[in-house]
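Numbered according to the working numbering, the sequence shown spans residues 650 to 926.
C-beta: ideal position from N, C-alpha, C; glycine also.
Okay, so here's the structure we're looking at.
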Amino acid sequence: MRVAIVGDPVEHSLSPVMQNAAFASGGLKWEMIRVRVPAGGGADVINRVRAGDFAGLAVTMPLKEEAARSVDDLDAASTRLRSVNTVVGIGSGHARGLSSDGAGFVNSLSAQGIALTGARVHLLGAGGAARSIVAALGAIDGCEVTISNRTHSAAEAAAELSGSAQAVVADNLPDAVASADIIVNTTSVGMGSDADAGLVPLPVELIASHHVVADIVYHPLTTALLSSAAIRGAQTVDGLGMLVHQAVLQCEAWTGFTPDPVAMRSAAEAELGRRSG
Ligand code: ATR
Numbered sequence: 650m651r652v653a654i655v656g657d658p659v660e661h662s663l664s665p666v667m668q669n670a671a672f673a674s675g676g677l678k679w680e681m682i683r684v685r686v687p688a689g690g691g692a693d694v695i696n697r698v699r700a701g702d703f704a705g706l707a708v709t710m711p712l713k714e715e716a717a718r719s720v721d722d723l724d725a726a727s728t729r730l731r732s733v734n735t736v737v738g739i740g741s742g743h744a745r746g747l748s749s750d751g752a753g754f755v756n757s758l759s760a761q762g763i764a765l766t767g768a769r770v771h772l773l774g775a776g777g778a779a780r781s782i783v784a785a786l787g788a789i790d791g792c793e794v795t796i797s798n799r800t801h802s803a804a805e806a807a808a809e810l811s812g813s814a815q816a817v818v819a820d821n822l823p824d825a826v827a828s829a830d831i832i833v834n835t836t837s838v839g840m841g842s843d844a845d846a847g848l849v850p851l852p853v854e855l856i857a858s859h860h861v862v863a864d865i866v867y868h869p870l871t872t873a874l875l876s877s878a879a880i881r882g883a884q885t886v887d888g889l890g891m892l893v894h895q896a897v898l899q900c901e902a903w904t905g906f907t908p909d910p911v912a913m914r915s916a917a918e919a920e921l922g923r924r925s926g
């Protein structure tokens, strides 16, 4: 069986290395290939799932919203987000859309022993990744979410995805962070060349030892935010956690097999090592 990672660009996606490691670990005769599909090609590639050409898809930029409009049905998270990162062919020409990012984030924290029930979470950023996290946290008992973003209107829109989320303006950031248990960077600040400049998405003086600080940036794996947080005594969660755990859920949705996240993470780390070496 064959699945594809679709979007544009897809050359640098870690999905094939993680999924192919997962399939091999389960002794499954499945493979993931990369298919570059620019904006506008979502409906056609989903037709290839209906036709049985692919058993499923991992969907990345810029197709997530287009794919959500093209599938036959959506799970609860995708219905709220109007975006999917996973498509599953379920026979009789039917394609179902799912969103595994938010649940993947939640599972990545659980895997490190971090409970979200009753937790106060502050999200930095309000893009697609933040929106999927807000929707997932909204389903957790007593989890209260605050959101700040460079563009405040996007924070307000993201907050609408959960009854227990609130957008906060920049002036109120220090208070929101002080009363949070968990701080999550969902912005791209700290990624790639930002790392050399030591860019961080909030003033690091706001981080204290009672915080858990999670970054969804994984290039580099230890962002300037995470190293500052560790120096300040906070527990840290790197961005590969969410990537790996959302991939576990995708593999499960396509094949029914639950792969070991540790094996998938090792495959992703080895690939990142090869690229930087
Ligand atoms: P993703 O799918 O990874 O969430 P995205 O939807 O493009 O990516 O969202 C990027 C997020 O990073 C947004 O919250 C964006 O803020 P704006 O809504 O104001 O654009 C945030 N972001 C990107 N560059 C930033 C920067 N230099 N400073 C602060 N926030 C930044």
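Below 8 Å on the Cβ atoms is my guess for residue i versus residue j; work out the distance and round it to an integer in Å.
i	j	result
Leu-889	Tyr-867	5 Å
Ser-749	Thr-735	5 Å
Ala-807	Val-783	5 Å
Ile-865	Thr-835	5 Å
Smallest Cα separation from residue i: which of the options?
i	options	result
Val-893	Asp-724, Asp-887 and Met-913	Met-913
Val-862	Gln-761, Pro-908 and Ala-808	Gln-761
Ser-781	Val-684, Ile-856 and Lys-713	Lys-713
Arg-685	Ala-671, Val-666, Gln-668 and Ser-662	Ser-662
Gly-753	Glu-901, Ala-814, Asn-821 and Glu-680	Glu-901
Val-770	Glu-920, His-860 and Leu-921	His-860
Gly-676	Asp-790, Leu-772 and Thr-904	Thr-904
Glu-680	Ala-879, Pro-665 and Arg-923	Pro-665
Leu-773	Val-733, Ala-814 and Gly-740	Ala-814
Ala-704	Ala-844, Ala-653 and Val-826	Ala-653
Gly-839	Ser-877, Gly-812 and Glu-809	Ser-877
Ile-682	Ser-802, Met-667 and Pro-711	Met-667
Gly-777	Ala-819, Arg-729 and Leu-758	Arg-729
Pro-852	Val-698, Ala-804, Ala-827 and Gly-841	Ala-827
Leu-921	Val-733, Pro-869, Arg-881 and Phe-906	Pro-869
Leu-723	Thr-709, Met-710, Ala-744 and Pro-711	Ala-744
Arg-651	Pro-658, Ser-674, Glu-660 and Lys-678	Lys-678
Asn-798	Cys-792, Asn-821 and Ser-811	Asn-821
From the DSSP output, which residues share a beta bridge with residue i?
i	result
Asn-834	Leu-773 and Asp-864
Gln-884	Val-861
Thr-623	Here the chain has residues from 650 to 926 only, and residue 623 is not among them.
Asp-722	Arg-745
Gly-740	Answer by DSSP bridge pairing: none, since Gly-740 is not bridged.
Just to confirm before moving on: does the CB-CB distance between residue i and residue j stay below 8 Å?
i	j	result
Gly-746	Gly-701	no
Thr-800	Val-817	no
Pro-908	Ala-707	no
Arg-731	Ala-716	no
Pro-823	Leu-786	no
Val-849	Leu-874	yes
Gly-751	Ala-725	no
Ala-846	Arg-881	no
Complete runs of the beta strand (DSSP E) confined to the region 746-805 [at least 3 residues]: Qualifying beta strand (DSSP E) stretches, in chain order: 769-773 and 793-797.
Unbroken stretches of the alpha helix (DSSP H), 4 residues or longer, contained in the region 664-688: The qualifying runs are 664-674.
Alpha helix (DSSP H) runs wholly inside the region 870-926, at least 4 long, in chain order: Segments of the alpha helix (DSSP H) lying fully in the region 870-926: 873-880, 889-904 and 910-925.
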